[in-house]
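One structure below.
Residue numbers (my numbering), protein chains in the order written: chain P, 847 to 1203; chain H, 847 to 1203.
Take a look at the structure:
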């Protein structure tokens, strides 16, 4: 039975982001999830897809993205049906995105069991990842639980939200899964340090597992406005009219995250603490932390990069650019197309400022 | 008579260099003399040509360059006759270059009076420059003197050769022109400081003035081998055979500079001390010294360059590149085509190393 894939398993890849903290590598025309950051030949969204091989069949992989990225997604994920690429006419945060795809999937298979994941994260231990995902899918196939994956923190990261687990309250049917006590916004450093010291805090990975009835019911309760919009579109899902009606109605949705809309309100919220080498690779600094470095601590992407007296830098070019860097310590040198950025790694939170037109 | 141009006046622009210290802006495919370094719309060779307007008629402007730059020269100097662009099949330093063009000009006009200049220098006071050039040409039209222009040093520059004048020995016919005592190689800093303190040392600009008989005779005496080659070609100058015969014979010339071949040996050598805002713009540092800087000492060429907390840098891109630099002090950031260089200004003498394939 090793090759058996549960036909109810569905994967939803949310790929509408613009990765603005990764400028200039990531641009609104070609954001981070579609880029081969590590120079391995696979982009983030392709790596995301790859790590579900054997767990979800390609026919059950869904991508929600912006209209402008439709062609990139088809090109990068040629094995998934074109009809599974759902296009948002505008950005409305994660709750409307998840509502749309949930109603869409429910129309096709009311017994669907879903994993929702961002398109642009990194997982290094895919074997453990698959074990966790399968275990969680098993759990949600039998319960009405909303499950989030909580990452064991390895440092007092202030760039992530945290999930506080109630470690006394393991689920009866899966001893690895616990009730959530509370969700915590991105903390300051002191608070983050406290979280790391205590055992019950986990990074919020933004990866969710639930069956489709559970999320649809939760949205009906907590976001009746959004729910009504997608409920009304039931007759058109999978038809020629779908995109046109979505274009008309999607913009009417409130812009709200799934965390605010559902997670922080619902009752049956669980966390699955896990440790599979996860990073959201949200910043140049995080890339520097996880990517291979040379003996001077430089992370280099590019086919023709030469460094002299240079250390602790991220040097990143996606082209056949010849780059010579001498005498830099702790800088980002990032070049893409018509843009070049040189800035201190410690100043990378200002990249939005730098990239503003 | 303000518009009278002496028809014997000829200008020779030596444009065969590769400007390796200005990499990556200057490349062997498109070296420094053909680049609009200051973003003014005129390249070095064009500025060189421009500053002789009214002194030498376009028909008497000659360019000696490499075969591979023939088209660039025609394009950048459309007003000079194509036949005046002399093409060296290989590099043999300045003596063969000057010998070739001198025999070539002499075949056309034995009374020619020449200014020889590199293609890639900067002169800021063109009015004074023209006064000096006209005065020197007047002098060499009546004497067999070899005149060099000596620049009043403004700093103990170790990148230039120096000319020691005998200030007791002004020429009788032109009180601004002195006999040369000796030529000095590029000095070390201590020696350069001494030179600047004394009054009789001048930078060797590499600009020479002489009549064509004088230089031809001097070459016959000091470089009989080279001279014989160009003497033998007298029947073909200006004919269809010229390039073919040059291609055959030019490579036979000894590779030697005009300074070694003639200047340091001949008797009637004079220096015309002058001060017209000259720089050979031989390095990024010299560009930084002479080009306009912003209030933080940054010299910026590029249409879309933004600097944050950056000072004393040269940021140079010849393209419509968007460049953001944060947190650099005293660096070169130079980008051209498929190459990007970032290095400390104080390390620029290593650019040849950096640019090696």
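The C-beta atom is built at its ideal place from N, Cα and C for all residues, glycine as well.
Cβ shell of residue i (< 6 angstroms), same chain only, five flanking positions each side left out
{"i": "residue 1104(P)", "result": "940, 941, 944"}
{"i": "residue 1101(P)", "result": "938, 939"}
{"i": "residue 869(H)", "result": "1197, 1201"}
{"i": "residue 936(P)", "result": "1097"}
{"i": "residue 866(P)", "result": "1198"}
{"i": "residue 967(P)", "result": "1126"}
{"i": "residue 909(P)", "result": "859, 861, 919, 931"}
{"i": "residue 1054(P)", "result": "962, 994"}
{"i": "residue 898(P)", "result": "857"}
{"i": "residue 1194(P)", "result": "1129, 1130, 1131"}
{"i": "residue 1017(H)", "result": "1023"}
{"i": "residue 996(P)", "result": "1009, 1048, 1117, 1119"}
Three-state secondary structure assigned by DSSP to residue i
{"i": "residue 1024(H)", "result": "strand"}
{"i": "residue 968(H)", "result": "strand"}
{"i": "residue 871(H)", "result": "coil"}
{"i": "residue 1011(H)", "result": "strand"}
{"i": "residue 934(P)", "result": "strand"}
{"i": "residue 961(H)", "result": "strand"}
{"i": "residue 1051(H)", "result": "strand"}
{"i": "residue 1016(H)", "result": "strand"}
{"i": "residue 1073(H)", "result": "helix"}
{"i": "residue 929(H)", "result": "helix"}
{"i": "residue 1120(H)", "result": "strand"}
{"i": "residue 883(P)", "result": "coil"}
{"i": "residue 854(P)", "result": "coil"}
{"i": "residue 994(P)", "result": "strand"}
{"i": "residue 1212(P)", "result": "There is simply no residue 1212(P) to check, as chain P begins at 847 and stops at 1203 in what is shown."}
{"i": "residue 1115(H)", "result": "strand"}
{"i": "residue 1062(H)", "result": "helix"}
{"i": "residue 1104(H)", "result": "helix"}
{"i": "residue 912(P)", "result": "strand"}
{"i": "residue 1057(H)", "result": "strand"}
{"i": "residue 1082(P)", "result": "helix"}
{"i": "residue 947(H)", "result": "helix"}
{"i": "residue 847(P)", "result": "Its pLDDT being 42, under 50, residue 847(P) is placed unreliably in this model, and the coordinates cannot settle the point."}
{"i": "residue 975(P)", "result": "helix"}
{"i": "residue 898(P)", "result": "coil"}
{"i": "residue 903(H)", "result": "coil"}
{"i": "residue 795(P)", "result": "Examination of residue 795(P) is not possible in this model, given that chain P is present from 847 through 1203 alone."}
{"i": "residue 1198(H)", "result": "helix"}
{"i": "residue 1030(H)", "result": "strand"}
Nearest-angstrom Cβ-Cβ length linking residue i and residue j, presumed shorter than 8 angstroms
{"i": "residue 883(P)", "j": "residue 1133(P)", "result": "7 angstroms"}
{"i": "residue 998(H)", "j": "residue 1038(H)", "result": "Contact doesn't hold; Cβ gap of about 14 angstroms is too wide."}
{"i": "residue 1000(P)", "j": "residue 1057(P)", "result": "About 31 angstroms separates the two Cβ atoms, so there is no contact after all."}
{"i": "residue 1013(H)", "j": "residue 1046(H)", "result": "5 angstroms"}
{"i": "residue 1152(P)", "j": "residue 1170(P)", "result": "5 angstroms"}
{"i": "residue 1084(H)", "j": "residue 914(H)", "result": "That pair is no contact at about 23 angstroms."}
{"i": "residue 969(H)", "j": "residue 1071(H)", "result": "Their Cβ separation, rounded to whole angstroms, is 35 angstroms, which puts residue 969(H) and residue 1071(H) out of contact at 8 angstroms."}
Residues of its chain near residue i, where Cβ-Cβ distance is below 7 angstroms and the 5 sequence neighbours each way are ignored
{"i": "residue 927(H)", "result": "905"}
{"i": "residue 988(H)", "result": "1019"}
{"i": "residue 957(P)", "result": "854"}
{"i": "residue 1066(H)", "result": "1073"}
{"i": "residue 1183(P)", "result": "none"}
{"i": "residue 847(P)", "result": "Because the pLDDT of residue 847(P) is 42, which lies under 50, any placement of that residue in the model is unreliable, and the question is left without a value."}
{"i": "residue 1032(H)", "result": "1004, 1005, 1006, 1007"}
{"i": "residue 990(P)", "result": "1060, 1114"}
Other residues of its chain near residue i: CB distance less than 8 angstroms, five sequence neighbours each side excluded
{"i": "residue 888(H)", "result": "882, 896"}
{"i": "residue 980(H)", "result": "901"}
{"i": "residue 922(P)", "result": "880, 889, 891, 892"}
{"i": "residue 863(P)", "result": "877, 878, 879, 964, 965, 966"}
The ligand SAH heavy atom lying under 7 angstroms from the CB of residue i
{"i": "residue 869(P)", "result": "With respect to small molecules bound, the structure shown includes none, and the ligand SAH cannot be examined in it."}
Contact list for residue i against chain B, beta-carbon separation under 8 angstroms
{"i": "residue 1200(H)", "result": "Here chain B cannot be found, since the structure's protein chains are P and H."}
Sequence ranges, beta strand (DSSP E) only - wholly within the stretch 1127-1190 of chain H, length at least 3: 1145-1147, 1150-1154, 1160-1163, 1168-1172, 1177-1182, 1185-1190
Residues, ordered as in the chain, of the stretch 1169-1184 of chain P that lie near chain H by beta-carbon distance below 8 angstroms: 1169, 1170, 1171, 1172, 1173, 1174, 1177, 1179, 1181, 1184
Output, in sequence order along the chain, the residues in the stretch 1092-1110 of chain P whose CB is closer than 8 angstroms to any CB in chain H. none
For the stretch 1185-1197 of chain P, enumerate the residues whose C-beta is nearer than 8 angstroms to any C-beta of chain H, in chain order. Correct list: 1185, 1186, 1187, 1188, 1189, 1190, 1193, 1196.
Proximal residues, the stretch 862-880 of chain H versus chain P, C-beta separation under 7 angstroms: none
The stretch 1019-1051 of chain H: which residues have C-beta closer than 7 angstroms to a C-beta of chain P, in chain order? none
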